[in-house]
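Numbering (the working numbering), first residue to last: 2 to 350.
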Amino acid sequence: MTAPSPPVPISSSGATTVKLEFDDNKLLIQLFGSHHAHLACIEQALDVSLNARGNILTVAGDGSDVNVVRAVLDGLYRRLKDGMTVGHDDVDAALRMTGQDGAGVIRDGSSDADPIIRTRKRHISPRSPTQATYTQAIDEANLVFGLGPAGTGKTYLAVAKAVEKLVGGEVDRIILSRPAVEAGEQLGFLPGDMREKVDPYMRPIYDALHDMLPNQQVIKRLESGEIEVAPLAFMRGRTLSNAFVILDEAQNSTAVQMKMFLTRLGENSRMVITGDLSQVDLPRGTRSGLRDAVDILEGNDAIVMVRFTDRDVVRHPLVSQIVRAYEAVESQRGTGASYEKDGAKTPGI
Numbered sequence: 002m003t004a005p006s007p008p009v010p011i012s013s014s015g016a017t018t019v020k021l022e023f024d025d026n027k028l029l030i031q032l033f034g035s036h037h038a039h040l041a042c043i044e045q046a047l048d049v050s051l052n053a054r055g056n057i058l059t060v061a062g063d064g065s066d067v068n069v070v071r072a073v074l075d076g077l078y079r080r081l082k083d084g085m086t087v088g089h090d091d092v093d094a095a096l097r098m099t100g101q102d103g104a105g106v107i108r109d110g111s112s113d114a115d116p117i118i119r120t121r122k123r124h125i126s127p128r129s130p131t132q133a134t135y136t137q138a139i140d141e142a143n144l145v146f147g148l149g150p151a152g153t154g155k156t157y158l159a160v161a162k163a164v165e166k167l168v169g170g171e172v173d174r175i176i177l178s179r180p181a182v183e184a185g186e187q188l189g190f191l192p193g194d195m196r197e198k199v200d201p202y203m204r205p206i207y208d209a210l211h212d213m214l215p216n217q218q219v220i221k222r223l224e225s226g227e228i229e230v231a232p233l234a235f236m237r238g239r240t241l242s243n244a245f246v247i248l249d250e251a252q253n254s255t256a257v258q259m260k261m262f263l264t265r266l267g268e269n270s271r272m273v274i275t276g277d278l279s280q281v282d283l284p285r286g287t288r289s290g291l292r293d294a295v296d297i298l299e300g301n302d303a304i305v306m307v308r309f310t311d312r313d314v315v316r317h318p319l320v321s322q323i324v325r326a327y328e329a330v331e332s333q334r335g336t337g338a339s340y341e342k343d344g345a346k347t348p349g350i
């Protein structure tokens with residue numbers, strides 16, 4: 002592959018064998034992986050056989066699968082030529098992102114159609130089509146809801162986009178919030194100053210920030226107020242202008258809190274609301290503010306709601322299986338993200 006290949010038409014079903022030639026042997030160690038681990042990953046995901054000899058890779062299998070392999074490797078090879086790295090996660094992402102479009106053409110998941118999020122420490126690419134839709138929605142809409150199970154990248158990608166826009170000067174500050182349900186929003190009895198009281202509930206957000214920015218920058222920006230992390234209850238009465246605002250774990254907000262938070266949106270601000278309606282920790286009988294907002298705001302053209310599924314889980318493969326197993330059981334029991342007509346929470350919500 003001396004140059005990026007054009008889209009590859011899907012051939013008819015049947016055994017096909019092609020030879021792919023790469024012009025830079027130095028890049029093949031990363032492309033194929035240690036002990037050809039990346040090739041093994043592709044073989045497990047698709048019904049193909051891969052055999053590498055020098056800089057030539059023989060691909061055998063069903064015609065459509067062979068074309069997918071070619072598109073995946075083409076995109077990853079161009080990534081290496083651009084000076085970026087390729088690891089197991091990148092191979093997994095390329096497999097998720099590569100597929101057939103409506104014209105019967107293989108869509109290269111590593112193409113420029115899915116822009117990379119650039120932060121000071123990392124360059125982050127969408128790892129599923131839904132993630133690509135989500136990041137595009139954040140760029141284009143002022144209010145975006147990211148709905149779905151844990152491990153789908155809802156919060157991580159939102160924080161990445163927030164950091165990108167802060168570093169790029171598009172916003173003056175980032176405001177990150179979560180309901181502190183485990184403490185009943187009553188933080189006064191906890192020891193320490195406000196930061197020490199809040200930190201345990203905000204740890205996932207801090208972890209994401211430290212992935213995007215050098216440690217000293219995170220500390221400096223927190224101290225200056227460019228990045229603010231606060232419980233949802235502390236948002237009342239504020240107008241959030243020139244800011245990128247994220248509400249995480251929004252399923253644990255009440256309807257009153259959600260309305261309050263949504264109406265904080267000020268001039269030149271973007272807001273992302275993330276949550277999983279299958280994991281509501283509110284007291285029995287309390288309607289989730291996230292469910293309420295989805296029901297009320299669904300259909301508003303200015304608001305984008307992106308729904309993730311177990312197929313978008315990018316943690317350990319076992320997490321997808323766990324999510325599917327719980328969804329199946331909850332469906333049988335009539336529980337999950339459903340509500341009675343009077344708005345009361347059904348068992349399991």
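All residues carry an ideal CB built from backbone N, CA and C; glycine is no exception. Treat the numbers as computed from the prediction; the structure is a model and nothing was measured.
Host beta strand (DSSP E) of residue i (start-end)
i	result
Ala16	16-22
Whole-angstrom C-beta distance between residue j and residue i, which should lie under 8 Å
i	j	result
Arg128	Asp93	7 Å
Leu51	Val69	About 12 Å; that fails the 8 Å criterion.
Ala159	Val273	4 Å
Leu58	Leu21	5 Å
Gln31	Thr99	The pair is not a contact, with the Cβ atoms about 18 Å apart (cut-off 8 Å).
Gly147	Thr275	4 Å
Val315	Gly88	Contact flag wrong, Cβ pair sits at about 13 Å.
Arg179	Met203	6 Å
Residue i - containing alpha helix (DSSP H), residue span
i	result
Met85	It is not in any alpha helix (DSSP H) - Met85 carries neither H nor E in the DSSP assignment.
Arg174	From DSSP, Arg174 is part of no alpha helix (DSSP H) but of the beta strand (DSSP E) over 174-179.
Glu165	155-168
Met236	Premise fails: Met236 is in no alpha helix (DSSP H) and is neither H nor E.
His39	38-46
Arg97	89-98
Phe309	First-last for Phe309: undefined, no H or E at that position.
Gln280	Element bounds for Gln280: n/a, residue is neither H nor E.
Leu29	29-33
Whole-angstrom distance between residue j and residue i, CA atom to CA atom
i	j	result
Gly215	Asp24	Residue 215 is actually Pro in this sequence, not Gly. Spanning the two alpha carbons is a distance of roughly 36 Å.
Leu188	Ser289	With a pLDDT of 49 at Leu188, under the threshold of 50, the predicted position of this residue should be treated as unreliable, though the coordinate-derived value follows. Cα to Cα, the separation comes out at about 21 Å.
Val172	Arg271	9 Å
Asp90	Pro130	15 Å
Asn269	Ala251	22 Å
Arg54	Gly62	18 Å
Ala161	His211	10 Å
Ile139	Glu165	12 Å
Arg1	Ser279	As shown, the chain starts at 2 and ends at 350. That puts residue 1 outside it, with no answer to give.
Ser254	Gly34	44 Å
Arg292	Arg239	23 Å
Gly226	Ala72	45 Å
Val305	Asn243	20 Å
Arg325	Ser332	10 Å
His39	Leu319	19 Å
Leu74	His36	17 Å
Ala95	Arg334	36 Å
Asp302	Glu141	12 Å
Glu224	Ile43	46 Å
Ala256	Pro232	16 Å
Ala294	Arg79	42 Å
Ile220	Asn56	47 Å
Arg285	Asp296	19 Å
Gln322	Gly300	31 Å
Gln258	Gln45	46 Å
Gly169	Leu263	25 Å
Close-in-space but distant-in-sequence residues of the same chain around residue i (CB under 6 Å, 5 per side omitted)
i	result
Phe167	The displayed chain sequence assigns Leu, not Phe, to residue 167. Answer for Leu167: Ile175, listed in chain order.
Leu177	Ile206, Val230, Ile247
Leu298	Ile304
Ile228	Ile175, Arg222
Residues that residue i bridges to, as DSSP identifies them
i	result
Leu58	Leu21, Ala53
Ser289	Thr255
Thr275	Gly147
Glu229	Ile176
Ile247	Leu177, Val273
Ile351	Absent from the structure is residue 351, since the part of the chain shown begins at 2 and ends at 350.
Ile125	Ile118
Leu319	Leu319 pairs with nothing; no bridge assigned.
Contacting residues, own chain, Cβ-Cβ under 8 Å from residue i (five flanking each side not counted)
i	result
Leu266	Asn143, Leu144, Leu241, Val246, Met272
Ser112	The predicted position of Ser112 is uncertain, since its pLDDT is 45 and thus under 50; a value taken from the coordinates is nonetheless stated next. Taken in chain order, the residues that qualify are Gly76.
Ala329	none
Ala118	According to the sequence as given, residue 118 is Ile; it is not Ala. If we look at Ile118 and ignore the five residues flanking it on each side, its Cβ neighbours are His124, Ile125, Ser126, Thr136, Leu158, Ala161, Lys162, Glu165.
Pro205	Thr156, Asp249
Met261	Met236, Arg237
Tyr327	Ser279
Contact set for residue i: own chain, Cβ-Cβ below 7 Å, skip 5 residues either direction
i	result
Gly1	With the chain covering only 2 through 350, there is no way to say anything about residue 1.
Val67	Thr17, Val19, Val49, Val60
Gln218	Arg121
Ala104	With a pLDDT of only 35 at Ala104, under 50, the local geometry of the prediction cannot be trusted, and no value is derived from it.
Leu81	Leu28, Gln31, Leu32, Val87
Ala209	Thr156, Tyr157, Val160
Asn26	Asn56
Residue i Cβ short of 6 Å to the ligand COA heavy atom set
i	result
Pro180	Annotation note on the ligand COA: not contained in the displayed structure, which lists no ligands.
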